[in-house]
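**Q** Protein chains in written order, with this note's numbering: chain A, 28 to 328; chain B, 1167 to 1577. I'd like to ask you about the structure that follows.
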C-alpha cells in the first residue's frame, strides 16, 4: 500500500506541477494583474500599482469596450442561432440516409480546413468587393441595381458582412458534433416510431432533439468560447486600424496590452487582464446558465 | 567494427570541441521586424553574411515580423533572452522600449558615424529618445500625397498642388479627364483628417482635440470636415472610399491607373510595384497648405525604422559595427534599391527612380508630425473617428453630424 502511494505521487507530481505552471499560475497572475496598474505583461510585481477594481470600472465606463461587448453578444446570439440551426439541419439531413453522405459532409466541413486568412481574403476581395465582387455581379445579373450598388463593407454593413463570413465557416464544425450525436441514437427508435405512424418532423422533435440535449450543451459551450475569443476575423476585416463594426473585447485587449496600432501608445496590461477575466467569467456564466436551462436526462447521446 | 566507429565518433567530438574552444568570433543576435522573404530581409541577410566574412563574428539573424516584435520582444528581453540588436519603428523603440536600449553616443562618435548620416533623422532619433542618441535610423519614409503623373499630365495639371485651392483645381481637371481624383483605404483614410487638422492647428492642436474630446469646441474640426464633405460632394473622392478595406483601393483603382492621388507613405511604390509595373510614372507632393493654417508643405510625418543595441549586450561594439555595415555604403544603397526605399547614407545620393519626386518633398521638410499628425492618439476614440470620417467621405453624414458624433462619443 505504501509503495502504491509513492507511485501515485511519483506519477502525479509532474502532471500537477505542469498543470499549476501552465494553467493555475497564469490564471492567478491574470486575476491579480487585473487589480493593478501594470504597463507590460512581463513587468515584475514590484512595478505593479494596486488600483483595486478601477480597471473594471474604467472598462464599464469606456464606450468602445461596451461596443465591443455588444458586438460579440450579437455574434454569439444571432450568429449562434443561424449556425446552430443550419448545423443541426445539415446533420439531420446527412443522417437521414441520403446518398453521397460522406461527400456532402466533407464539402460542408471544408471551410474549417482552410486558413482564416485565405477565407477572409476570399470574402473581402471576391464576394464583398464593391466593383468586381460576386454580390455586385450577381445582383447586377438579376437586374437588382440597388442591391448591386450596396457597399457591403461600409460602416454599419461591415459587422453583418463579417458575421456572415465567419458563420459560413463555422457551420461544418458544429454539424460534425451534432452528427456524431445523431449517429449514436439507435435506429430502432426511428423504426418503431415509423411503424407507429410518426412523421419525420415528429421524429425530429420527439426523438432526435430530446436525445441530443448533451450535444446541444456541448455546442453552445464551444460556440460561446469561440465567440468570446473572436479575434482573427476581426483583424482581417480591419487590417491596420480597428473600427466600430469589427471591434471585439479580444481586439480591445490586444490593443491595450501590445499597442500594435500605427501610433505608439501607452500599454496597460492591467486593463487587458481585466478584459481577460471578464471574458472568462462570461464563459462560465453561459456554461452555468446552459446547465440550468437544459436539464440532463437519463438517456442522452 | 564497433570500436572503430566509436573511435571515429570520439575523434569527431574532440575536434568539434577543440575547434570551438579556439574559435575567436563572437555571436551577435539580431531580431528584425522584417520577414526573410521581404526585400529588406534579403538585404539584411546579405549584409550579415558580408559582416561575418569580414570579421569572423557570427550573426544570428532572426526574422520576427512586425507582430512578432511587438508581441514578443519585451517579454523575451524581460526573460533574459540574449538579443544584441533589434529594429522597429523609431517611436516604438525610443518610447516603448527605451529602458532596454544602450546610449550609443560614444560608439557613434568613435566611428564618426554622423559625418555621412542623415542629419534630420539623427536629430529626430535624439529628440524622441530625450536628447541622446539611442538608435540608428534606416529605411526612412515620408508620408505625403503620391500620384499618377501620367494622369496629371493627361488632365492638364501642370504642377503638383501646393495649396488647397490648387488641389481643388487639379481634382476638377482629373475628374473631367475621366479619372477618380483621390482615393484611400480604411487603413489610411484617417491620415487625411489628421493632416488637414494639423495644417489648421498643428499637431498639438490635433492631440488636444483627440485627447480632451474638444470636437465641438475646436472650429478646425468642422472646417476640416467641411473640406472633405466638399470633396465628396464634388465627386473628387472615390465612390468606394467609405467602404474600402485595405488594400482594395490601393491595389485596385490606384495601382491600376483609375484614380490619381493617394495619401500614403513612401513605401507605397514598393508595395504596389508588382501591379503598377516599372513604367508607372510616380509623383509626390506634400499635403497642401490651407487658408488660415499654421503649417504648409514644410510639415509632414517622416521618420524611419531604427536599429538599437540592447543595454545588456556583451558585444555592443561588434553590434555597432554591424549596424554601420547595414546603414552605410553598399548595403544602404542595396536596401534602397531592393526595397524602393530612401537611403540614409548621405553619400548615397541616388534615390530609386520611383521615389525621385519624394526627394523634393523630403528636402523641404522642417516640421515633423508623428503618425497621422496625432489623430490616432486616443485608442478609445480611433474607431469612432474612423467610422465617422468614412461616413463623411462617403457622403452619408454632414460635417455637423460628424462633429456631433465625435463629441458624443468622447463624452
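Don't be surprised by glycine CBs; every beta carbon is placed ideally from N, CA and C.
1) Return the CA-CA distance between residue 1187(B) and residue 1222(B), expressed in angstroms with no decimal places.
2) Among 1316(B), 1225(B), 1236(B) and 1500(B), which has the Cα closest to the Cα of residue 284(A)?
3) Once the 5 residues before and after residue 1578(B) are set aside, which same chain residues still bring their CB inside 7 Å of it?
4) Listing by chain order, which chain A residues have their CB less than 7 Å from the CB of residue 1240(B)?
5) With distance defined between alpha-carbon atoms, name the residue in 312(A), 72(A), 70(A) and 122(A) nearest to residue 213(A).
6) Please check if any C-beta of chain B sits within less than 9 Å of the C-beta of residue 291(A).
7) Where residue 1349(B) and residue 1273(B) are concerned, what is the direct C-alpha to C-alpha distance, given to the nearest angstrom?
8) Given that residue 144(A) touches chain B, what residues does it touch there, using C-beta distances under 9 Å?
9) Roughly how many angstroms lie between the CA atoms of residue 1257(B) and residue 1297(B), to the nearest whole one?
10) Strictly below 8 Å CB to CB, what residues from chain A border residue 1350(B)?
11) Among 1486(B), 1484(B), 1515(B) and 1489(B), which has the Cα closest to the Cα of residue 1499(B)?
12) Looking only at its own chain, which residues have a Cβ that is under 6 Å from the Cβ of residue 1513(B), when we skip the five neighbours before and after it?
13) Quick one: grab the DSSP three-state call for residue 1469(B).
14) Who are residue 1224(B)'s beta bridge partners in DSSP?
15) What runs of the alpha helix (DSSP H), each 4 residues or longer, lie entirely inside the stretch 1288-1371 of chain B?
16) Taking Cβ-Cβ distances shorter than 8 Å, what residues in chain B pair up with residue 178(A)?
17) Name the one or two DSSP bridge partners that residue 216(A) has.
18) Rounded to whole angstroms, what is the Cα-Cα separation between residue 1436(B) and residue 56(A)?
19) Roughly how many angstroms separate the alpha carbons of residue 1530(B) and residue 1463(B), rounded to a whole number?
20) Taking a Cβ distance cut-off of 7 Å, strictly less, list which residues of the stretch 1199-1214 of chain B are near chain A, in chain order.
21) With distances taken Cα to Cα, identify the nearest neighbour of residue 1560(B) among 1383(B), 1539(B), 1241(B) and 1404(B).
22) Should residue 1196(B) and residue 1488(B) be called a contact, given that it needs their Cβ atoms to be closer than 9 Å?
23) Could you name the residues of the same chain whose beta carbon sits closer than 7 Å to that of residue 1543(B), not counting the 5 residues immediately before and after it, in chain order?
24) Could you name the residues of the stretch 263-274 of chain A whose beta carbon sits closer than 7 Å to any beta carbon of chain B, in the order they occur along the chain?
25) Between residue 204(A) and residue 242(A), how many whole angstroms is the CB-CB distance? I'm expecting something under 8 Å.
26) Indicate whether residue 1346(B) and residue 1363(B) have their beta-carbon atoms separated by less than 9 Å.
27) If you compare alpha carbons, which of 193(A), 323(A), 315(A) and 321(A) is closest to residue 262(A)?
28) Is it buried or exposed, residue 1471(B), if we count other Cβ atoms within 10 angstroms and call 16 or more buried?
29) So that I know if they touch, is there some Cβ in chain B lying closer than 9 Å to that of residue 257(A)?
30) Going by CA-CA distance only, name the one from 66(A), 310(A) and 125(A) that's closest to residue 82(A).
31) Closest Cβ-Cβ distance between residue 1550(B) and chain A: below 9 Å?
32) I need the boundaries of the alpha helix (DSSP H) containing residue 98(A), first residue and last residue.
33) Does the stretch 78-92 of chain A come close enough to the stretch 227-236 of chain A that 3 or more CB-CB pairs lie under 8 Å?
34) I'd like to know whether the C-beta atoms of residue 1336(B) and residue 1327(B) end up nearer to each other than 9 Å.
35) Is the beta carbon of residue 1455(B) closer than 9 Å to that of residue 1534(B)?
36) Tell me, please, whether the CB atom of residue 1234(B) is closer than 9 Å to any CB atom in chain A?
**A** Let me lay it out:
1) As a first step, residue 1187(B) must be located in the second chain, where it is residue number 21. As a first step, residue 1222(B) must be located in the second chain, where it is residue number 56. In this predicted model, residue 1187(B) has a pLDDT of only 46, less than 50, meaning its place in the structure is not dependable; the value taken from the coordinates is given anyway. Their backbone Cα atoms lie some 15 Å apart in a straight line.
2) Position 257 of the first chain, counted from the first residue, corresponds to residue 284(A). Ranking 1316(B), 1225(B), 1236(B) and 1500(B) by Cα distance to residue 284(A) puts 1236(B) first.
3) Lying before the first or after the last residue shown, residue 1578(B) is absent from chain B, which here runs from 1167 to 1577.
4) The residue given as residue 1240(B) occupies position 74 in the second chain. Residues of chain A passing the Cβ test: 67 and 69.
5) The residue labelled residue 213(A) in the question sits at position 186 within the first chain. The residue with the shortest Cα to Cα distance from residue 213(A) is 122(A).
6) Numbered from 1 along the first chain, position 264 holds the residue referred to as residue 291(A). It does: the Cβ of residue 291(A) has a partner Cβ on chain B nearer than 9 Å.
7) Stepping through the second chain from its first residue, residue 1349(B) is reached at position 183. Stepping through the second chain from its first residue, residue 1273(B) is reached at position 107. Rounded to the nearest angstrom, the two C-alpha atoms are 45 Å apart.
8) By one-based count along the first chain, residue 144(A) stands at place 117. Chain B residues near residue 144(A): none, gap ~13 Å exceeds 9 Å.
9) Translated into the one-based positions of the second chain, residue 1257(B) becomes position 91. Translated into the one-based positions of the second chain, residue 1297(B) becomes position 131. Roughly 14 Å between the two C-alpha positions.
10) Taking the second chain and counting its residues from 1, the one referred to as residue 1350(B) is at position 184. The contacting residues do not exist; residue 1350(B) stays about 12 Å from chain A at best.
11) In the second chain, the residue the question calls residue 1499(B) occupies position 333. Among 1486(B), 1484(B), 1515(B) and 1489(B), the Cα nearest to that of residue 1499(B) belongs to 1515(B).
12) The residue given as residue 1513(B) occupies position 347 in the second chain. Only 1282 meet the Cβ criterion.
13) Walking along the second chain from the start, residue 1469(B) turns up at place 303. Strand, per DSSP.
14) Counting from one through the second chain, the residue named residue 1224(B) turns up at place 58. According to DSSP, residue 1224(B) bridges with 1193(B).
15) 1315-1321 and 1330-1342
16) The count along the first chain starts at 1 and reaches residue 178(A) at position 151. Using a Cβ-Cβ cut-off of 8 Å, residue 178(A) is close to 1406, 1408, 1409 and 1560 of chain B, given in chain order.
17) In the first chain, the residue the question calls residue 216(A) occupies position 189. DSSP lists no partner for residue 216(A).
18) Walking along the second chain from the start, residue 1436(B) turns up at place 270. Walking along the first chain from the start, residue 56(A) turns up at place 29. Distance between the alpha carbons of residue 1436(B) and residue 56(A) is about 44 Å.
19) Here residue 1530(B) corresponds to residue number 364 of the second chain, with the count starting at 1. Here residue 1463(B) corresponds to residue number 297 of the second chain, with the count starting at 1. Using only the alpha carbons, I get a separation of about 7 Å.
20) Closer than 7 Å at the C-beta level to chain A, one finds no residue of the stretch 1199-1214 of chain B.
21) The residue labelled residue 1560(B) in the question sits at position 394 within the second chain. When C-alpha distances from residue 1560(B) are compared across 1383(B), 1539(B), 1241(B) and 1404(B), the shortest belongs to 1404(B).
22) Along the second chain, one-based indexing puts residue 1196(B) at 30. Along the second chain, one-based indexing puts residue 1488(B) at 322. In terms of Cβ geometry, residue 1196(B) and residue 1488(B) form a close pair [threshold 9 Å].
23) Numbered from 1 along the second chain, position 377 holds the residue referred to as residue 1543(B). Once the five neighbours on either side are set aside, the close Cβ partners of residue 1543(B) are 1373, 1376 and 1377.
24) 264, 265, 266, 267, 268, 269, 270, 271 and 274
25) Residue 204(A) sits at position 177 when you count from the first residue of the first chain. Residue 242(A) sits at position 215 when you count from the first residue of the first chain. Contact holds; Cβ gap of about 6 Å.
26) For the purposes of this step, residue 1346(B) is taken as the residue at position 180 of the second chain. For the purposes of this step, residue 1363(B) is taken as the residue at position 197 of the second chain. No; because the gap between Cβ atoms is not below 9 Å, this pair is not in contact.
27) The residue you call residue 262(A) lines up with position 235 of the first chain. When only C-alpha atoms are compared, the closest one is 193(A).
28) The sequence position of residue 1471(B) within the second chain is 305, counting from 1. Under the 10 Å beta carbon count, residue 1471(B) is surrounded by 16 or more other beta carbons and is classified as buried.
29) The residue given as residue 257(A) occupies position 230 in the first chain. It does not; no Cβ of chain B falls within 9 Å.
30) For the purposes of this step, residue 82(A) is taken as residue 55 along the first chain, with counting starting at 1. Nearest option by C-alpha distance: 66(A).
31) In the second chain, the residue the question calls residue 1550(B) occupies position 384. Yes, because at least one Cβ of chain A sits closer than 9 Å to the Cβ of residue 1550(B).
32) Here residue 98(A) corresponds to residue number 71 of the first chain, with the count starting at 1. Where residue 98(A) is concerned, the enclosing alpha helix (DSSP H) stretches over 90-101.
33) The stretch 227-236 of chain A is not in contact with the stretch 78-92 of chain A.
34) In the second chain, the residue the question calls residue 1336(B) occupies position 170. In the second chain, the residue the question calls residue 1327(B) occupies position 161. Contact: yes.
35) The sequence position of residue 1534(B) within the second chain is 368, counting from 1. The sequence position of residue 1455(B) within the second chain is 289, counting from 1. No; because the gap between Cβ atoms is not below 9 Å, this pair is not in contact.
36) Working through the second chain from its first residue, we reach residue 1234(B) at position 68. Residue 1234(B) does not count as touching chain A.
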